[in-house]
Amino acid sequence: MSTFILKGIQVSFEHSKALEIDDLEIPVNGMALVTGPNGAGKTTLLRMLAGLHPPNRGTLRYKGEDVFYGRKGLSHRRRVTLVAQDPVLFRKKVLANVAFGVRARGFKSEIAAARALEALKMMGCEHLAERGASALSGGELRRVALARALATGAETLLLDEPTAGVDAENSERLQQLIASLASSGRGIVICTHQPEWAQSQAQFRMRLDHGRIVSVT
Amino acid sequence: MEFLLDGFRDGILRALYGDPQVLSAARVTLQVSLSSTLLASVISLPLGYLLATQRFPGKGAVIALCQTLLGMPTVVIGLVVYGFLSRRGPLGFMDLLFAPSAIIIGLVILLAPVLIVFAMTALASVDNRIRETTLTLGASTGLSAWTLVLEARFGLLAAILAAFGRAASEVGIAVILGGNIEGYTRTITTAIALESMKGEFGFGIALGVVLMSVILVTNILVRLLQKS
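Protein sequences appear in the order of chains S and C. All residue numbers for the first sequence refer to the numbering used here, where the first residue is -7 and numbers rise by one. All residue numbers for the second sequence refer to the numbering used here, where the first residue is 106 and numbers rise by one.
Next comes the structure, spelled out in structure tokens:
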């Protein structure tokens, strides 16, 4: 089974524990849902799964391989991509932003641009391709950030509050897209404190509070 | 005032008609300013990057030192480098004194703290999320660093232009290390100092206008390059 396996994990910031998980398997064939109130440790969990923030203690494995951080973590970061709750775009045009991850993998600019345009089409925002990143609304920015993650071709996407700040129409569109990605075999881990729309679609549900697991179903 | 205006008019005409003294001073000014800015940038910008992005013991002390060196008088730099390059100095065998190379060495020492501090500030002001975003999109640490530099490009360019302006308008280092030799180490600023001592105030001011024009044209060219 394709999973994240966490054992004896502890993540602390200064003197407070942000996350404490003894033993957990998160399946990433389809959609996994992590819920909890603000400050529950959801974002910390995603950043750790993404290979961006190492745990202070414990081990993390992804599909049978140890997850490394820093320079050694490059191969993991190319398999697992995080879309942050408050995404940021580079000072470039939207198309160049979305093509960034493809270019980072060594693809030529024409191939990267084609894949970027395809991802923008999937998100319904191909009309933004030539626009400067600073000229986007909050909702457009989130969709472009998701398109940028999609374009990388990463096998698992970690989405932190993907529909926060998006209007109702675009939120529904995003939900449908995320569901179709999950059903097509792409691993999706979603963190949200408004889980209603994802509850029925997720194969794995976990609730965190104060950095600890409250329930797993 | 009339003598000033006459001298100024005369100086501007000499500059416009390609007076060899004015042209050679402008050439030497450009030569030492551009070379020193380039060399100082190559040395200082990576150091600014390290200070902005890395944690290491003594980082605070290094920043304090660079900030202190920003106020170092140019004549002091000139004297110290003179001591090293003079015949009795440890680098005297290189025979660099009273040559453009000596001015360039002095200017690099002057510009390095300026570029380090400005680059550090420009890079540190880039949104923290940028680096993490590049990494999660699969960038190597090298590409991630380069992206950070691109995000800070306007601040970095401003730092380089400020350094160039500082080099072009400097006089203490140029006099002490260059010796103000006409056609060889005489820059516009050392020519201004000389003309003022001779009582040619108007011509000195005209040379000042030429210097400002050189800096202005360089700024315009860099901005055009940036836009392209």
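The beta-carbon is built from N, C-alpha and C at its ideal position, and this holds for glycine as well.
Taking Cβ to Cβ, would you say residue i is nearer than 9 Å to residue j?
i, j, result
"R291 (chain C)", "L215 (chain C)", "no"
"A125 (chain S)", "T73 (chain S)", "no"
"L38 (chain S)", "D152 (chain S)", "yes"
"T246 (chain C)", "R63 (chain S)", "yes"
"A139 (chain S)", "V90 (chain S)", "yes"
"L156 (chain C)", "I235 (chain C)", "no"
"G31 (chain S)", "C183 (chain S)", "no"
"K34 (chain S)", "D14 (chain S)", "no"
"G277 (chain C)", "G194 (chain C)", "no"
"A268 (chain C)", "A145 (chain C)", "yes"
"T295 (chain C)", "A131 (chain C)", "no"
"A257 (chain C)", "S230 (chain C)", "yes"
"T144 (chain S)", "A76 (chain S)", "no"
"V3 (chain S)", "H45 (chain S)", "yes"
"A190 (chain S)", "Q167 (chain S)", "yes"
"Q186 (chain S)", "A171 (chain S)", "no"
Whole angstroms are fine: how far does the CA of residue j sit from the CA of residue i?
i, j, result
"D124 (chain C)", "D115 (chain C)", "11 Å"
"T51 (chain S)", "L11 (chain S)", "13 Å"
"V127 (chain C)", "A311 (chain C)", "10 Å"
"F308 (chain C)", "I208 (chain C)", "24 Å"
"T323 (chain C)", "A24 (chain S)", "57 Å"
"L228 (chain C)", "L174 (chain C)", "20 Å"
"L202 (chain C)", "A298 (chain C)", "20 Å"
"E57 (chain S)", "S175 (chain S)", "24 Å"
"G165 (chain C)", "P218 (chain C)", "14 Å"
"G188 (chain C)", "I281 (chain C)", "11 Å"
"A121 (chain S)", "V158 (chain S)", "19 Å"
"L109 (chain S)", "R83 (chain S)", "18 Å"
"L242 (chain C)", "H119 (chain S)", "23 Å"
"S191 (chain C)", "D200 (chain C)", "8 Å"
"M114 (chain S)", "L133 (chain S)", "15 Å"
"N181 (chain S)", "L143 (chain C)", "Contrary to the premise, residue 181 (chain S) reads as Val rather than Asn in this sequence. Rounded to the nearest angstrom, the two C-alpha atoms are 48 Å apart."
"R135 (chain S)", "T148 (chain S)", "17 Å"
"G211 (chain C)", "F108 (chain C)", "36 Å"
"V319 (chain C)", "K332 (chain C)", "20 Å"
"F306 (chain C)", "D111 (chain C)", "10 Å"
"V185 (chain C)", "S149 (chain C)", "20 Å"
"V26 (chain S)", "T239 (chain C)", "24 Å"
"E17 (chain S)", "M198 (chain S)", "11 Å"
"R71 (chain S)", "A146 (chain S)", "5 Å"
"S129 (chain S)", "G22 (chain S)", "30 Å"
Which word fits residue i, buried or exposed, when buried means at least 16 other C-beta atoms lie within 10 angstroms of its C-beta?
i, result
"F223 (chain C)", "buried"
"K100 (chain S)", "exposed"
"A263 (chain C)", "exposed"
"P205 (chain C)", "buried"
"P162 (chain C)", "exposed"
"R49 (chain S)", "exposed"
"H68 (chain S)", "buried"
"I265 (chain C)", "buried"
"S207 (chain S)", "exposed"
"E275 (chain C)", "buried"
"M106 (chain C)", "exposed"
"F5 (chain S)", "exposed"
"Y289 (chain C)", "exposed"
"L316 (chain C)", "buried"
"I325 (chain C)", "exposed"
"I286 (chain C)", "exposed"
"F92 (chain S)", "buried"
"L321 (chain C)", "exposed"
"Y154 (chain C)", "buried"
"P154 (chain S)", "buried"
"F113 (chain C)", "buried"
Does any C-beta atom of chain S lie closer than 9 Å to the C-beta of residue i?
i, result
"A244 (chain C)", "yes"
"S262 (chain C)", "Per the sequence presented here, residue 262 (chain C) reads as Leu, with Ser not at that position. Not closer than 9 Å to any Cβ of chain S, the Cβ of L262 (chain C) fails to qualify, so no."
"R234 (chain C)", "yes"
"L184 (chain C)", "no"
"T252 (chain C)", "yes"
Using the beta-carbon of each residue, which ones in chain S are nearer than 8 Å to residue i?
i, result
"L248 (chain C)", "A96"
Could you list which residues in chain C have their beta carbon closer than 7 Å to that of residue i, in chain order?
i, result
"A106 (chain S)", "What A106 (chain S) touches in chain C: nothing, since even the nearest Cβ is about 17 Å away."
"L66 (chain S)", "S245"
"F92 (chain S)", "L242"
"R226 (chain S)", "In the structure as shown, chain S starts at -7 and stops at 209, and residue 226 (chain S) therefore has no counterpart that could be examined."
"V80 (chain S)", "D232, R234, I235 and T238"
"R63 (chain S)", "T246"
Report yes or no: is there a C-beta of chain C within less than 9 Å of the C-beta of residue i?
i, result
"A141 (chain S)", "yes"
"T184 (chain S)", "no"
"R39 (chain S)", "yes"
"T144 (chain S)", "yes"
What does residue i reach in chain S if we use C-beta pairs closer than 7 Å?
i, result
"E237 (chain C)", "L44"
"T241 (chain C)", "A42, L44, R69, T73 and L74"
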